[in-house]
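Enquirer: Mind having a look at this structure? Questions to follow.
Residue numbers (our numbering), protein chains in the order written: chain A, 1 to 222; chain B, 223 to 341.
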């Protein structure tokens with residue numbers, strides 16, 4: 001089975017190389033989608049051996065993820081792993097995340113940062129809790145860590161995934177896709193490392209509210 | 223019970239909207255959950271039309287009891303609709319821009335051609 005990692009990245013020149021190198025231990029190709037970075041993200045990612053696609057304009061993590069998925073389809077990927085570029089996920093969790101998809105027990109595997117003892121700041125716990133709640137109201141499916149960027153898509157999901165949301169709300173859209181296409185889901189507890197860097201890069205509370213409103217609006221527009 | 227034209231038209235519109243929502247479910251464009259939410263919303267609209275007393279209760283709760291307030295609320299509703307339409311338009315433009323950006327990114331690494339051959 002061909003496994004490809006997709007990493008959407010925006011101004012991550014200091015972090016992305018270690019993420020790419022760690023991912024290469026478990027996948028056959030790494031695709032980095034540079035989402036309009038103004039630093040050397042694309043250059044350092046290419047030097048690290050990744051296939052780099054460049055968005056000429058910053059379009060959001062959802063848009064970058066879907067570009068990566070399209071590229072992975074061109075590479076005939078059977079399974080896609082999506083990872084955040086800031087290094088908050090432990091690549092050692094990749095094999096455990098891949099297993100259900102490889103054994104065809106799941107079409108999509110969600111990482112669950114709250115499934116094991118992780119030091120997660122309260123603000124992040126609250127924001128993620130709200131994200132989970134909104135996702136549940138909009139999709140009718142409860143996912144313990146719906147807003148996490150670490151996911152594995154099995155062959156069925158790789159073929160069917162079609163993200164239209166550009167920003168952070170794409171995580172909720174993925175849950176919606178799983179309901180729409182009747183994907184089997186499995187959630188795996190994973191490690192997460194929050195640092196000042198990852199905290200600064202993450203969503204603000206105001207951004208979270210905006211995302212919530214967009215999700216609700218989209219659910220009516222469909 | 224004598225029904226006013228409004229009380230006949232509104233439930234009919236609601237029925238059409240609900241039917242449309244469920245037809246989207248059968249065409250796999252909407253999820254079951256979304257259709258339920260949509261049905262609840264339009265069901266409520268129809269209910270308000272058929273049971274004006276419910277709106278009377280809302281008038282007491284919200285304080286919108288005189289004609290002037292009703293006019294203001296109506297215009298707020300129209301404004302909301304306008305903003306809603308604009309948001310939809312912006313969303314469409316954003317999606318179009320994203321598709322262009324994606325095509326450019328894929329083309330740069332020679333992946334766009336492959337897609338056409340496959341398609």
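All C-beta atoms in this analysis are idealised placements derived from N, C-alpha and C, irrespective of residue type, glycine included.
Please list the terminal residues of the continuous alpha helix (DSSP H) segment that includes residue 234 of chain B.
Expert: Taken as a continuous stretch (DSSP letters only), the alpha helix (DSSP H) holding residue 234 of chain B covers 227 to 248.
Enquirer: Would you decide whether residue 12 of chain A is buried or exposed? Buried here means 16 or more other CB atoms lie within 10 Å of its CB.
Expert: Its Cβ being crowded by 16 or more others within 10 Å, residue 12 of chain A is buried.
Enquirer: Pull out every residue of the segment 318 to 338 of chain B whose Cβ sits closer than 8 Å to any Cβ of chain A, in chain order.
Expert: 319, 320, 323, 324, 326, 327, 328, 330, 331, 333, 336 and 337
Enquirer: Can you tell me whether DSSP reads residue 278 of chain A as helix, strand or coil?
Expert: Since the first residue of chain A shown is 1 and the last is 222, residue 278 of chain A is not available in this structure.
Enquirer: Are three or more beta carbon pairs between the segment 159 to 166 of chain A and the segment 116 to 128 of chain A nearer than 8 Å?
Expert: no
Enquirer: Pull up the CB-CB distance for residue 151 of chain A and residue 193 of chain A, whole angstroms please, since I reckon it's below 8 Å.
Expert: Contact flag wrong, Cβ pair sits at about 18 Å.
Enquirer: In the DSSP output, what is residue 89 of chain A paired with across the bridge?
Expert: A:192
Enquirer: Check whether the segment 58 to 78 of chain A and the segment 22 to 33 of chain A are in contact - that is, three or more C-beta pairs closer than 8 Å.
Expert: yes
Enquirer: Straight-line CA distance for residue 72 of chain A to residue 334 of chain B?
Expert: 12 Å
Enquirer: Let me know the secondary structure DSSP gives residue 308 of chain B once reduced to three states.
Expert: helix
Enquirer: I want to see whether chain B comes within less than 8 Å of residue 66 of chain A, judged by CB atoms only; does it?
Expert: yes
Enquirer: Excluding sequence positions up to five away, which residues of its chain have a Cβ less than 6 Å from the Cβ of residue 136 of chain A?
Expert: 142
Enquirer: Answer with buried or exposed for residue 100 of chain A, where buried requires no fewer than 16 other C-beta atoms within 10 angstroms of its C-beta.
Expert: It is buried - the Cβ of residue 100 of chain A has at least 16 other Cβ atoms within 10 Å.
Enquirer: Is it buried or exposed, residue 107 of chain A, if we count other Cβ atoms within 10 angstroms and call 16 or more buried?
Expert: buried
Enquirer: DSSP three-state call for residue 263 of chain B: helix, strand or coil?
Expert: helix
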